[in-house]
Amino acid sequence: MKEIKLIVTDLDGTFLSHSETDGSLEKNICAMEAAREAGIPVFPCTGRSWLQSAAQVKRFGFDNLCVVNNGASIVEIDSGELRYRNRISPDLVEPLLAIGEKYQGNDIITQSSCQEFIGFLASDETKKQQILERYGPQMQGDENIRIFTSVEEMYLASRGSAEMVRYIVEPKNVPSSMIKELDAIPSVEIAWSWTIHLDVMAEGANKGSVLPILADMYNVELENVMALGDQDNDAPMLSMAGFGVAMGGASQRCKQVADYIAPAVEDAGFAQTIERFVLGKNR
138 MKEIKLIVTD
148 LDGTFLSHSE
158 TDGSLEKNIC
168 AMEAAREAGI
178 PVFPCTGRSW
188 LQSAAQVKRF
198 GFDNLCVVNN
208 GASIVEIDSG
218 ELRYRNRISP
228 DLVEPLLAIG
238 EKYQGNDIIT
248 QSSCQEFIGF
258 LASDETKKQQ
268 ILERYGPQMQ
278 GDENIRIFTS
288 VEEMYLASRG
298 SAEMVRYIVE
308 PKNVPSSMIK
318 ELDAIPSVEI
328 AWSWTIHLDV
338 MAEGANKGSV
348 LPILADMYNV
358 ELENVMALGD
368 QDNDAPMLSM
378 AGFGVAMGGA
388 SQRCKQVADY
398 IAPAVEDAGF
408 AQTIERFVLG
418 KNR
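Here the sequence shown stands for residues 138 to 420, numbered as in the working numbering.
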(Lines of atoms letter the chains of each structure in order from A and count residues from 1; the text may use other names and numbers.)
(Lines give C-alpha, C1' and ligand atoms only; values in the text may rest on other atoms or scores of the structure.)
Protein backbone atom coordinates (compact mmCIF):
# COMPACT_ATOMS: atom_id res chain seq x y z
CA MET A 1 0.00 0.00 0.00
CA LYS A 2 1.01 3.61 -0.59
CA GLU A 3 1.93 6.01 2.19
CA ILE A 4 -1.18 7.42 3.87
CA LYS A 5 -1.26 11.22 3.78
CA LEU A 6 -4.95 11.92 4.48
CA ILE A 7 -7.66 10.03 6.38
CA VAL A 8 -11.42 10.29 5.90
CA THR A 9 -13.71 8.50 8.32
CA ASP A 10 -17.41 7.89 8.67
CA LEU A 11 -18.79 8.76 12.10
CA ASP A 12 -21.60 6.48 13.30
CA GLY A 13 -20.58 2.84 13.38
CA THR A 14 -16.98 3.64 12.44
CA PHE A 15 -15.49 6.38 14.62
CA LEU A 16 -18.44 6.34 17.02
CA SER A 17 -19.67 3.15 18.62
CA HIS A 18 -23.33 2.73 19.49
CA SER A 19 -22.20 2.16 23.09
CA GLU A 20 -20.94 4.94 25.34
CA THR A 21 -19.21 2.57 27.76
CA ASP A 22 -16.94 0.37 25.62
CA GLY A 23 -14.01 2.83 25.72
CA SER A 24 -13.60 2.87 21.94
CA LEU A 25 -14.15 6.62 21.51
CA GLU A 26 -11.24 7.56 23.75
CA LYS A 27 -8.94 5.19 21.86
CA ASN A 28 -10.13 6.51 18.51
CA ILE A 29 -9.54 10.11 19.54
CA CYS A 30 -6.02 9.24 20.74
CA ALA A 31 -5.23 7.53 17.42
CA MET A 32 -6.61 10.48 15.49
CA GLU A 33 -4.51 12.91 17.52
CA ALA A 34 -1.41 10.80 16.91
CA ALA A 35 -2.06 10.81 13.16
CA ARG A 36 -2.53 14.58 13.17
CA GLU A 37 0.68 15.04 15.16
CA ALA A 38 2.39 13.02 12.41
CA GLY A 39 1.13 15.57 9.89
CA ILE A 40 -1.77 13.49 8.54
CA PRO A 41 -5.12 15.34 8.51
CA VAL A 42 -8.24 13.43 9.59
CA PHE A 43 -11.69 14.46 8.37
CA PRO A 44 -15.20 13.23 9.24
CA CYS A 45 -17.49 12.23 6.36
CA THR A 46 -21.03 11.55 7.51
CA GLY A 47 -24.61 11.04 6.43
CA ARG A 48 -25.64 13.48 9.12
CA SER A 49 -26.42 17.10 8.37
CA TRP A 50 -24.05 19.82 9.54
CA LEU A 51 -26.42 20.82 12.34
CA GLN A 52 -26.45 17.22 13.58
CA SER A 53 -22.67 16.93 13.37
CA ALA A 54 -21.26 20.28 14.48
CA ALA A 55 -21.10 19.84 18.25
CA GLN A 56 -19.45 16.43 18.17
CA VAL A 57 -16.88 17.06 15.44
CA LYS A 58 -15.80 20.24 17.21
CA ARG A 59 -15.43 18.37 20.49
CA PHE A 60 -13.48 15.45 19.01
CA GLY A 61 -10.81 17.64 17.42
CA PHE A 62 -10.93 16.72 13.73
CA ASP A 63 -9.18 18.83 11.13
CA ASN A 64 -11.14 21.84 9.96
CA LEU A 65 -13.38 20.33 7.25
CA CYS A 66 -16.43 18.10 7.62
CA VAL A 67 -18.23 16.29 4.80
CA VAL A 68 -21.96 16.08 5.54
CA ASN A 69 -25.17 14.75 4.00
CA ASN A 70 -23.37 11.85 2.32
CA GLY A 71 -21.04 14.09 0.33
CA ALA A 72 -23.52 16.81 -0.60
CA SER A 73 -21.43 19.50 1.08
CA ILE A 74 -18.14 20.28 2.79
CA VAL A 75 -18.26 22.65 5.76
CA GLU A 76 -15.52 24.46 7.67
CA ILE A 77 -15.82 23.20 11.22
CA ASP A 78 -14.66 26.39 12.93
CA SER A 79 -16.83 28.82 10.99
CA GLY A 80 -19.66 26.70 9.59
CA GLU A 81 -18.99 28.16 6.14
CA LEU A 82 -19.62 26.08 3.02
CA ARG A 83 -16.57 25.08 0.98
CA TYR A 84 -18.45 22.86 -1.48
CA ARG A 85 -22.08 22.04 -2.18
CA ASN A 86 -24.15 19.84 -4.48
CA ARG A 87 -27.77 20.36 -3.48
CA ILE A 88 -30.84 18.64 -4.87
CA SER A 89 -32.38 20.44 -7.84
CA PRO A 90 -35.35 22.48 -6.53
CA ASP A 91 -37.76 20.87 -9.01
CA LEU A 92 -36.97 17.43 -7.58
CA VAL A 93 -37.51 18.30 -3.93
CA GLU A 94 -41.32 18.35 -4.13
CA PRO A 95 -41.75 14.90 -5.74
CA LEU A 96 -39.32 13.41 -3.20
CA LEU A 97 -41.32 14.87 -0.32
CA ALA A 98 -44.58 13.75 -1.95
CA ILE A 99 -43.33 10.16 -2.06
CA GLY A 100 -42.68 10.32 1.67
CA GLU A 101 -46.17 11.64 2.30
CA LYS A 102 -47.71 8.97 0.07
CA TYR A 103 -46.11 6.16 2.06
CA GLN A 104 -46.25 7.66 5.56
CA GLY A 105 -48.78 4.97 6.44
CA ASN A 106 -45.83 2.55 6.28
CA ASP A 107 -44.44 4.26 9.39
CA ILE A 108 -42.14 6.51 7.36
CA ILE A 109 -40.92 9.91 8.55
CA THR A 110 -39.70 12.22 5.79
CA GLN A 111 -36.82 14.59 6.53
CA SER A 112 -35.20 17.37 4.51
CA SER A 113 -31.60 18.24 5.43
CA CYS A 114 -30.79 21.87 4.75
CA GLN A 115 -27.83 23.95 5.87
CA GLU A 116 -30.03 26.19 8.03
CA PHE A 117 -32.44 23.63 9.50
CA ILE A 118 -33.69 20.07 9.40
CA GLY A 119 -37.31 19.70 8.37
CA PHE A 120 -39.69 16.87 9.17
CA LEU A 121 -43.08 16.07 7.68
CA ALA A 122 -45.47 15.16 10.49
CA SER A 123 -49.09 16.10 11.12
CA ASP A 124 -49.63 13.81 14.10
CA GLU A 125 -48.96 15.52 17.45
CA THR A 126 -47.49 12.36 18.98
CA LYS A 127 -45.05 12.00 16.11
CA LYS A 128 -44.09 15.67 16.40
CA GLN A 129 -43.20 15.18 20.05
CA GLN A 130 -41.21 12.04 19.25
CA ILE A 131 -39.20 13.98 16.65
CA LEU A 132 -38.38 16.77 19.10
CA GLU A 133 -37.39 14.33 21.83
CA ARG A 134 -35.19 12.29 19.51
CA TYR A 135 -33.49 15.03 17.50
CA GLY A 136 -33.61 18.06 19.80
CA PRO A 137 -30.56 17.10 21.92
CA GLN A 138 -28.56 16.14 18.81
CA MET A 139 -29.42 19.48 17.18
CA GLN A 140 -28.41 21.56 20.21
CA GLY A 141 -32.00 22.62 20.75
CA ASP A 142 -35.37 22.59 19.04
CA GLU A 143 -34.80 25.89 17.20
CA ASN A 144 -32.93 24.10 14.40
CA ILE A 145 -35.83 21.69 13.82
CA ARG A 146 -38.83 22.65 11.71
CA ILE A 147 -41.88 20.40 11.58
CA PHE A 148 -44.24 20.79 8.62
CA THR A 149 -47.79 19.54 8.25
CA SER A 150 -47.90 19.57 4.45
CA VAL A 151 -45.64 18.80 1.51
CA GLU A 152 -46.27 22.24 0.04
CA GLU A 153 -45.18 24.01 3.21
CA MET A 154 -42.07 21.85 3.55
CA TYR A 155 -41.20 22.24 -0.13
CA LEU A 156 -41.41 26.04 -0.02
CA ALA A 157 -39.01 26.10 2.93
CA SER A 158 -36.61 23.46 1.59
CA ARG A 159 -36.57 23.82 -2.19
CA GLY A 160 -33.57 26.13 -2.45
CA SER A 161 -31.33 24.50 0.11
CA ALA A 162 -32.16 20.79 0.47
CA GLU A 163 -28.96 18.77 0.29
CA MET A 164 -30.65 15.49 1.16
CA VAL A 165 -34.12 14.02 1.60
CA ARG A 166 -34.17 11.18 4.10
CA TYR A 167 -36.83 8.57 4.78
CA ILE A 168 -36.58 7.26 8.33
CA VAL A 169 -38.01 3.78 8.02
CA GLU A 170 -37.37 0.12 8.72
CA PRO A 171 -36.32 -1.60 5.46
CA LYS A 172 -39.11 -4.16 5.88
CA ASN A 173 -41.64 -1.32 5.71
CA VAL A 174 -40.40 0.03 2.37
CA PRO A 175 -42.67 -1.26 -0.42
CA SER A 176 -41.16 -2.10 -3.78
CA SER A 177 -43.47 0.47 -5.38
CA MET A 178 -41.78 3.23 -3.36
CA ILE A 179 -38.33 2.15 -4.55
CA LYS A 180 -39.60 2.11 -8.15
CA GLU A 181 -40.92 5.64 -7.77
CA LEU A 182 -37.61 6.83 -6.34
CA ASP A 183 -35.67 5.10 -9.12
CA ALA A 184 -37.85 6.90 -11.68
CA ILE A 185 -36.77 10.33 -10.42
CA PRO A 186 -33.86 11.56 -12.56
CA SER A 187 -30.56 13.00 -11.40
CA VAL A 188 -30.51 11.67 -7.84
CA GLU A 189 -28.39 9.25 -5.80
CA ILE A 190 -30.05 6.79 -3.40
CA ALA A 191 -28.31 4.99 -0.53
CA TRP A 192 -28.95 3.38 2.84
CA SER A 193 -26.80 5.22 5.38
CA TRP A 194 -28.02 3.31 8.42
CA THR A 195 -30.47 0.53 9.14
CA ILE A 196 -33.39 2.98 9.17
CA HIS A 197 -32.09 5.79 6.93
CA LEU A 198 -32.90 5.72 3.21
CA ASP A 199 -31.22 8.82 1.76
CA VAL A 200 -31.64 10.67 -1.53
CA MET A 201 -29.07 13.23 -2.73
CA ALA A 202 -28.35 15.07 -5.95
CA GLU A 203 -26.68 13.12 -8.73
CA GLY A 204 -22.95 13.01 -8.02
CA ALA A 205 -23.41 13.65 -4.31
CA ASN A 206 -21.92 10.65 -2.56
CA LYS A 207 -19.01 10.01 -0.27
CA GLY A 208 -16.88 8.73 -3.13
CA SER A 209 -17.33 11.70 -5.46
CA VAL A 210 -16.41 14.20 -2.75
CA LEU A 211 -13.14 12.44 -1.93
CA PRO A 212 -11.16 13.87 -4.90
CA ILE A 213 -12.41 17.35 -4.00
CA LEU A 214 -11.23 16.99 -0.41
CA ALA A 215 -7.90 15.45 -1.44
CA ASP A 216 -7.30 18.22 -3.96
CA MET A 217 -7.77 20.84 -1.27
CA TYR A 218 -4.75 19.32 0.49
CA ASN A 219 -2.73 18.46 -2.63
CA VAL A 220 -2.92 14.74 -1.87
CA GLU A 221 -3.31 12.01 -4.49
CA LEU A 222 -6.19 9.57 -4.04
CA GLU A 223 -3.74 6.67 -3.77
CA ASN A 224 -2.51 8.27 -0.52
CA VAL A 225 -5.99 8.54 1.02
CA MET A 226 -7.40 6.12 3.60
CA ALA A 227 -11.20 5.94 3.97
CA LEU A 228 -13.03 4.06 6.74
CA GLY A 229 -16.74 3.18 6.87
CA ASP A 230 -19.39 0.60 7.66
CA GLN A 231 -22.61 1.20 5.68
CA ASP A 232 -23.64 1.08 2.02
CA ASN A 233 -23.28 4.86 1.71
CA ASP A 234 -19.59 4.47 2.65
CA ALA A 235 -18.83 1.99 -0.15
CA PRO A 236 -18.20 4.66 -2.83
CA MET A 237 -15.48 6.33 -0.78
CA LEU A 238 -13.89 3.00 0.13
CA SER A 239 -13.73 2.25 -3.59
CA MET A 240 -12.37 5.70 -4.43
CA ALA A 241 -9.66 5.83 -1.75
CA GLY A 242 -6.24 4.31 -2.21
CA PHE A 243 -6.88 2.22 0.90
CA GLY A 244 -10.49 1.44 1.81
CA VAL A 245 -11.27 0.05 5.26
CA ALA A 246 -14.56 -1.62 6.22
CA MET A 247 -15.36 -2.12 9.87
CA GLY A 248 -15.85 -5.61 11.23
CA GLY A 249 -19.61 -5.20 11.37
CA ALA A 250 -19.86 -3.43 8.01
CA SER A 251 -22.42 -4.13 5.32
CA GLN A 252 -21.58 -6.71 2.68
CA ARG A 253 -21.31 -4.00 0.05
CA CYS A 254 -18.65 -2.23 2.11
CA LYS A 255 -16.70 -5.40 2.74
CA GLN A 256 -16.76 -6.33 -0.94
CA VAL A 257 -15.01 -3.12 -2.01
CA ALA A 258 -12.64 -2.76 0.97
CA ASP A 259 -8.91 -3.41 0.94
CA TYR A 260 -8.96 -4.34 4.62
CA ILE A 261 -11.56 -5.47 7.17
CA ALA A 262 -10.92 -3.77 10.50
CA PRO A 263 -11.92 -5.01 13.95
CA ALA A 264 -15.42 -4.04 15.05
CA VAL A 265 -16.20 -0.48 16.08
CA GLU A 266 -16.78 -1.66 19.66
CA ASP A 267 -13.17 -2.87 19.68
CA ALA A 268 -11.86 0.51 18.50
CA GLY A 269 -11.33 -0.77 14.98
CA PHE A 270 -10.61 2.77 13.81
CA ALA A 271 -7.79 3.18 16.32
CA GLN A 272 -6.34 -0.26 15.61
CA THR A 273 -6.30 0.45 11.87
CA ILE A 274 -4.61 3.83 12.28
CA GLU A 275 -2.02 2.35 14.61
CA ARG A 276 -1.23 -0.50 12.25
CA PHE A 277 -1.25 1.15 8.83
CA VAL A 278 -0.56 4.82 9.57
CA LEU A 279 1.51 4.96 12.74
CA GLY A 280 3.43 1.78 11.95
CA LYS A 281 2.58 -0.17 15.11
CA ASN A 282 2.26 -3.97 15.02
CA ARG A 283 2.85 -4.26 11.29
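Backbone N, C-alpha and C fix where the C-beta goes; we use that ideal spot for every residue, glycine too.
- Message: Quick check on this structure: which residue in Asp396, Leu234 and Asp336 has the alpha carbon closest to the alpha carbon of Thr294?
- Response: The amino acid at residue 294 is misidentified as Thr; the sequence shows Ala. Nearest option by C-alpha distance: Leu234.
- Query: What is the DSSP secondary structure of Leu416, reduced to helix, strand or coil?
  - Reply: coil
- Query: Hey, which unbroken runs of the beta strand (DSSP E) at 3 residues or more fall wholly within the stretch 169-233?
  - Reply: 179-181, 202-205, 210-213 and 219-222
- Task: Flag this pair as yes or no: are the beta carbons of Leu335 and Val311 separated by less than 9 Å?
- Result: yes
- Item | Segments assigned alpha helix (DSSP H), at least 4 residues, entirely inside the stretch 266-330 | 288-295 and 313-320
- Task: Please classify Lys344: is it buried, with 16 or more other beta-carbons within 10 angstroms of its beta-carbon, or exposed?
- Result: buried
- Report the residue from Val204, Gly406, Ala401 and Phe199 whose alpha carbon sits nearest the alpha carbon of Arg185. Val204
- CA-to-CA distance, Gly273 to Thr247, given in whole angstroms: 16 Å
- Message: By alpha-carbon positions, which one of Asp404, Asn165, Lys142 and Ile141 ends up nearest to Phe152?
- Response: Asn165
- Task: State the DSSP-derived secondary structure class of Leu162, mapped to helix, strand or coil.
- Result: helix
- Secondary structure at Met354, three-state DSSP: helix, strand or coil? helix
- Using the rule of at least 16 other Cβ atoms within 10 Å of the residue's Cβ for burial, across every protein chain shown, is Glu307 buried or exposed? exposed
- Message: Does Asp336 come out as helix, strand or coil in the three-state DSSP assignment?
- Response: strand
- Query: Just the Cα atoms here: how many angstroms apart are Leu258 and Ile284?
  - Reply: 6 Å
- Task: Identify whether Gly242 lies in helix, strand or coil by the three-state DSSP scheme.
- Result: helix
- Task: Tell me the start and end of each unbroken alpha helix (DSSP H) in the stretch 357-390 that is at least 4 residues and wholly inside, in chain order.
- Result: 372-377
- When DSSP labels each residue in this structure, what does Asp404 get in the three-state scheme? helix
- Message: Suppose contacts are defined by Cβ-Cβ distances below 9 Å. Is Ser226 in contact with Ser260 by that definition?
- Response: no
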